[in-house]
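First the structure, in the form of structure tokens, and then the observations on it.
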Amino acid sequence: MGGGKCNSQRGGARRMSVKNALVVGAGIAGLTAAWRLKLAGYAVRVLEAAERVGGRMISIAWQGIRIDPGAEFVTGADRYLHAMVSQLGIRGSLVNYSEEQTGFHVHIMRAGRIHSVNFMSIPSYLRWSGVSLAARLSMMKLLPYMVRYGRMDPYYPERAPGDDRLDMQQFFYRRINAEMFDYWVQPMMDVMCSYRPADLSAQMLLVLFGNYLQQKLYTFDRGLGLLPETLASQQDVIRGARVVKIETLSDGSGARVVYRRDGADDKADADLVVVAAPGDAVLDLFPAPQPAWQTFFGHVHYTTSAKVYFIAEGDAKELDHGGIMFPSKEPWQIAPLGWDRQADGRVFGMSALRADVYDPAMSDAVILRRVNADIERAQPVLARGITQRMVFRWPRKVPVFRPGYLSALRAFKRDMQEGPVYFCGDYLIGPSAGSALASGWQCAERILGDRAAS
């Protein structure tokens, strides 16, 4: 086994040297932690198993079209992200989706018809044919929760008030309205996060609704991947380096990371290690994980999904733009269907199977066949014009926050047993790129606070 060290000095000489850090994972959480530590004077190296950085915050090109297949936007509530954008000098590349928005529009398929509503227009909402009048009026019962949860800091969801034993469906069925859940909440959370009803607790749903529901949405002019690529360009990132083991050094001076690259094992020692790997993969990295880690990380799980992108040809006006959500109560296999005409005249679109239909074991051919069948039923003109298709899979889309998770997270954050190993990831805050970034920022703050206190 080869040997590599971020810093080979030990003992007294080391205390006078620059502190060094290894970051495991070049998603937006790991890159943020690395960037913050570098600004504080650390020598930082980032190890990334893939050849591409960014995790779910990536931009790719397909058939001459830029796609953000993971995170598709960030929000005005992502304060850590906006601070970073300003410090990196790329605010001029930020694009405000909200300048093109005239409200909060929802288009639901029910009983074979598309029912559209602008939630920001009272007349439109009261006329909405997608649900009954009783269901529409029941949303008044949600307002006190929105106000209460809107006052809390979304970057500390474990502090949320209320009952952590209910999932989002149970909450809506018991306290708001079952129909509003079935024809608004369920399809929206499936489209955005591939959540099934039991995957999100009522507490976490209210944290998200109270803080993000009416926020402005942003992207970058070159796609969301611009941010992680900018961060990576300013740091020492080793791509294709899959970490297989992390252990603390026997003298307590730091930690050792063993990683595999180009078929060979190598190792590196550092004063500290930031683990920004997927939460459900953390325990496998440690021969002797701390008790707090063993207790908490067993709670971390992710949704899975496969998006189907397509290109269509045709001059029909209905191909210019469209978007539909398909509730699981209705006889469809897809969750979203959206399309837009591009500047060159082609139509670019996306769909995906519902969370309760998709199985990672499905072949691309099976996925395409099922998706195409529903597109033909919903929009036959669009289906006839499709010329190109691509399946893009996410084995880990976003973390789930089931009933009991926030209680486990609260207990973990009381004593994370960190040092010299630290953790960051979206599973510590929420199912978004902004949350993942914030977790990396907070991780660096904990490290700097620990070092200042020692």
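Under the working numbering, the very last position in the sequence shown is 462; numbers go up by exactly one each time.
All residues carry an ideal CB built from backbone N, CA and C; glycine is no exception.
Mind checking whether I254 and L293 have CB atoms under 8 Å apart?
Residue 254 sits at position 246 when you count from the first residue of the sequence shown. Residue 293 sits at position 285 when you count from the first residue of the sequence shown. A contact, by the Cβ cut-off of 8 Å.
Going by beta carbon distance, what residues of the same chain come within less than 7 Å of A240, once the five residues before and after it are set aside?
Translated into positions along the sequence shown, residue 240 becomes position 232. Correct list, in chain order: A34, L39 and V61.
Taking only runs of the beta strand (DSSP E) that begin and end inside the region 275-361, which ones reach a length of at least 3 residues, in chain order?
280-283, 313-320, 329-333, 342-349 and 355-361
Please report the distance separating the alpha-carbon of Q17 from that of A278.
As a working mapping, residue 17 is identified with position 9 in the sequence shown. As a working mapping, residue 278 is identified with position 270 in the sequence shown. Because Q17 sits at a pLDDT of 36, beneath the cut-off of 50, its placement in the model cannot be relied upon, and the following sentence gives the value as read from the coordinates. Near 10 Å, if we compare the C-alpha coordinates of A278 and Q17.
Can you give me the C-alpha to C-alpha distance between L55 and G138, rounded to a whole angstrom?
Position 47 of the sequence shown holds residue 55. Position 130 of the sequence shown holds residue 138. Their Cα atoms are separated by approximately 49 Å.
Buried versus exposed, by CB contacts within 10 Å (16 or more), Q387
In the sequence shown, counting from the first residue as 1, residue 387 sits at position 379. Q387 should be labelled buried.
Going by Cα to Cα distance, which pick from A37, A41, V52 and A42 is closest to V26?
Within the sequence shown, residue 26 is the residue found at index 18, counting from 1. Among A37, A41, V52 and A42, the Cα nearest to that of V26 belongs to V52.
Three-state secondary structure assigned by DSSP to Q242
As a position in the sequence shown, residue 242 is number 234, starting the count at 1. In the structure shown, the three-state DSSP call for Q242 is coil.
Proximity winner among W449, K405 and G170, relative to M212 (alpha-carbon distances)
Within the sequence shown, residue 212 is the residue found at index 204, counting from 1. Closest by alpha carbon: G170.
Straight-line gap, Q71 to P77 (C-alpha atoms, nearest Å):
Here residue 71 refers to the residue found at position 63 when the sequence shown is read from its first residue. Here residue 77 refers to the residue found at position 69 when the sequence shown is read from its first residue. The alpha-carbon atoms of Q71 and P77 are separated by roughly 14 Å.
So F217 is in the beta strand (DSSP E); what residue range does that whole segment cover?
In the sequence shown, residue 217 corresponds to position 209, counting from 1. Note, F217: premise wrong, no beta strand (DSSP E); alpha helix (DSSP H) at A210 to Y220.
By how many angstroms is the C-alpha of R397 removed from the C-alpha of R418?
The count along the sequence shown starts at 1 and reaches residue 418 at position 410. The count along the sequence shown starts at 1 and reaches residue 397 at position 389. Rounded to whole angstroms, R418 to R397 spans 43 Å at the Cα level.
I130, buried or exposed, once every other Cβ within 10 Å from all chains shown has been counted against 16:
Position 122 of the sequence shown, counted from the first residue, corresponds to residue 130. It is exposed - the Cβ of I130 has fewer than 16 other Cβ atoms within 10 Å.
With a cut-off of 8 Å on the beta carbons, I'd call V408 and D207 a contact; round off their distance for me.
Residue numbering aside, residue 408 sits at position 400 when the sequence shown is read from its first letter. Residue numbering aside, residue 207 sits at position 199 when the sequence shown is read from its first letter. 4 Å between Cβ atoms; contact.
In whole angstroms, give me the CA-to-CA distance for L174 and E166.
Taking the sequence shown and counting its residues from 1, one reaches residue 174 at position 166. Taking the sequence shown and counting its residues from 1, one reaches residue 166 at position 158. Each residue's Cα considered, the two are about 15 Å apart.
Measuring alpha carbon to alpha carbon, tell me which of R182, I394 and R74 ends up nearest G327.
Working through the sequence shown from its first residue, we reach residue 327 at position 319. First, the amino acid is wrong: residue 327 is Leu here, not Gly. Per the Cα distances, I394.
Decide if N28 is buried, meaning its Cβ has at least 16 other Cβ atoms within 10 Å, or exposed.
For the purposes of this step, residue 28 is identified with residue 20 of the sequence shown, where counting begins at 1. Label assigned to N28: buried.
Would the region 334-352 count as touching the region 297-304 if we require 3 or more Cβ pairs under 8 Å?
no
Determine the closest residue to L313 out of P236, V215, Y203 and Y430, with distance taken between C-alpha atoms.
Within the sequence shown, residue 313 is the residue found at index 305, counting from 1. At residue 313 the sequence reads Ser, which differs from the Leu that was named. That would be Y203, whose Cα lies nearest to the Cα of S313.
Taking the alpha-carbon positions, what's the T110 to W136 distance?
In the sequence shown, residue 110 corresponds to position 102, counting from 1. In the sequence shown, residue 136 corresponds to position 128, counting from 1. Unreliable positioning characterises T110 in this predicted model, as indicated by a pLDDT of 48, which lies under 50. The coordinate reading is nonetheless provided below. Answer to the nearest angstrom: the Cα atoms are 17 Å apart.
Given a cut-off of 8 Å, decide if V32 and V251 are closer than it, judged by their beta-carbon atoms.
Position 243 of the sequence shown, counted from the first residue, corresponds to residue 251. Position 24 of the sequence shown, counted from the first residue, corresponds to residue 32. Yes, these two residues count as a Cβ contact at 8 Å.
Continuous alpha helix (DSSP H) assignments of at least 4 residues falling wholly in the region 107-191
130-135, 141-146, 151-158 and 176-179
Let me check understanding here. Comparing Cα to Cα, which of G438, Y226, M154 and W192 lies closest to L101?
The residue given as residue 101 occupies position 93 in the sequence shown. Per the sequence presented here, residue 101 reads as Ser, with Leu not at that position. Of the listed residues, the one whose Cα sits closest to S101 is Y226.
Below 8 Å, can you find three or more Cβ-Cβ pairs linking the region 315-322 to the region 358-378?
With a cut-off of 8 Å, the region 358-378 and the region 315-322 count as touching, because enough Cβ pairs lie within range.
Residue ranges of each beta strand (DSSP E) within the region 26-71, 3 or longer
28-32, 51-56 and 68-70
Supposed contact pair M188 and A210 - C-beta distance, whole angstroms, cut 8 Å
As a working note, residue 210 is residue 202 in the sequence shown. As a working note, residue 188 is residue 180 in the sequence shown. Rounded, the Cβ-Cβ distance is 14 Å, inconsistent with contact.
Out of curiosity, what's the CA-to-CA distance linking A272 and V266?
Along the sequence shown, one-based indexing puts residue 272 at 264. Along the sequence shown, one-based indexing puts residue 266 at 258. Rounded to whole angstroms, A272 to V266 spans 10 Å at the Cα level.
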